[in-house]
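Visitor:
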Amino acid sequence: MITYIRHSERLDRTDKKKWKRSKRYKENKYDTPITKNGEKIAKKAIKKLFESGYNKVDYLYCSPLTRCIQTCLIIKKEIKKKLKKDIKIRIEYGLVEVNYSPPLVYKNGKFVPCKKTKKYMDEKLSIKNIIKKYGEHLDLNYNSMTKYKDVDFDKEEKIFLNRCIKTYNGIKKQVKKKDNVIVVAHGVVIFAIYSYFNKKINWDLYDDISGEYCSILIKDNKNNKVKSINKFD
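Last residue of the sequence shown: number 232 in numbering that gives the first Met the number 0, and the count goes up by one each step with no gaps.
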């Protein structure tokens, strides 16, 4: 099974003033950490996953953004407690947040795509610096399918969606069918994968699938079933 989990509660959406006062905000305003409450939500989410009958984990994949890594570290710790297994995290740059900026803009008598994309990545999110900070928790032998230098590429929605599909299928090829894989990413990434499973996209369903912090999407490859969990109380 390949299971996607959204990152937990983010500081910039909870206490914007505190976030703006932080040193990290001045470096990269998009790389928000999670909150203390977010830590609790992540613990509840992995507990709920275990209660659903999920009792085996073989791999952890994670977006390089801080909110995902912090969520993944909590999940990793809970897995170690529950399953007595210390799984190293594979940092995958193909899992980063959507990076295009709609809507279209009017220019020279016609509407054209807006070229001002969000700059999610900075040097602190390079694999070299992520290893410096989290090295003991990482799979240092893993080479990301998408490279750090190639992340700034989502000029259109379709490019983002197809990048998510490519990353999912890449992970699928790297593991065995019997393996259980947890992927910590972003809500919009999870919704892209849900849409891929269903062969259609309806953004009106976004909140139901991945609108909650730590929303879980499970794909059972054995029976081709998709399951969503997003209530943890």
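No residue lacks a Cβ here, since even glycine has one placed at the ideal position from N, Cα and C.
The model shown is predicted, which means the values in this text are computed figures rather than measured ones.
Let's see if you can read the secondary structure: which residues bound the alpha helix (DSSP H) around residue 227?
Guide: Looking at the DSSP string, residue 227 is not in any alpha helix (DSSP H); the run it does join, the beta strand (DSSP E), is 224 to 228.
Visitor: Counting along the chain, where does the beta strand (DSSP E) carrying residue 58 start and finish?
Guide: 58 to 61 is the extent of the beta strand (DSSP E) around residue 58.
Visitor: Give the range of the alpha helix (DSSP H) segment to which residue 166 is assigned.
Guide: First-last of the alpha helix (DSSP H) with residue 166: 156 to 173.
Visitor: Residues in its own chain within less than 6 Å of residue 79 by CB, not counting five upstream and five downstream?
Guide: Excluding residues within five positions, the ones whose Cβ falls inside 6 Å are 85.
Visitor: Could you tell me whether the segment 132 to 146 touches the segment 11 to 28, where touching means 3 or more Cβ pairs closer than 8 Å?
Guide: Touching, no.
Visitor: Across the segment 65 to 78 and the segment 147 to 156, are there enough close Cβ pairs to call them in contact, namely three or more that are closer than 8 Å?
Guide: They do not touch, by the three-pair rule.
Visitor: Could you pull the start and end residues of the beta strand (DSSP E) that residue 219 belongs to?
Guide: 215 to 219 is the extent of the beta strand (DSSP E) around residue 219.
Visitor: When burial is assigned at 16 or more other CB atoms within 10 Å of the CB, is residue 93 buried or exposed?
Guide: Classification of residue 93: buried, given that the 10 Å Cβ count is 16 or more.
Visitor: According to DSSP, which residues form a beta bridge with residue 137?
Guide: Partner(s): 88.
Visitor: Determine, using beta-carbon pairs with one atom in the segment 161 to 171 and one in the segment 197 to 216, whether at least three such pairs fall under 8 Å.
Guide: Short answer: they don't touch.
Visitor: Check this for me: beta carbons of residue 33 and residue 8, under 7 Å apart or not?
Guide: In contact: residue 33 and residue 8 (Cβ atoms closer than 7 Å).
Visitor: Report the three-state DSSP secondary structure of residue 31 (helix, strand or coil).
Guide: Coil, per DSSP.
Visitor: Tell me the rounded alpha-carbon separation between residue 88 and residue 107.
Guide: If you take the alpha carbons of residue 88 and residue 107, they lie about 48 Å apart.
Visitor: Compare the C-alpha of residue 212 against each of 129, 21, 192 and 183 and name the closest.
Guide: Residue 183 is the option with its Cα nearest to residue 212.
Visitor: Nearest by alpha-carbon distance to residue 127: which of 180, 60 and 147 is it?
Guide: Minimum Cα distance to residue 127 is reached at 147.
Visitor: Quick one: give me the first and last residue of the alpha helix (DSSP H) that residue 13 is part of.
Guide: Counting along the chain, the alpha helix (DSSP H) containing residue 13 begins and ends at 10 to 13.
Visitor: Spatial neighbours of residue 162 within its chain, please: CB distance less than 8 Å, with the 5 preceding and 5 following residues excluded, ordered by chain position.
Guide: Contacts found: 93, 145, 152 and 153.
Visitor: Measuring straight from C-alpha to C-alpha, what distance separates residue 11 and residue 74?
Guide: Going by the C-alpha atoms only, they are around 22 Å apart.
Visitor: Of the choices 77, 36 and 70, whose alpha-carbon is the least far from that of residue 55?
Guide: Ranking 77, 36 and 70 by Cα distance to residue 55 puts 77 first.
Visitor: Taking buried to mean at least 16 other C-beta atoms within 10 Å of its own C-beta, is residue 91 buried or exposed?
Guide: Label assigned to residue 91: buried.
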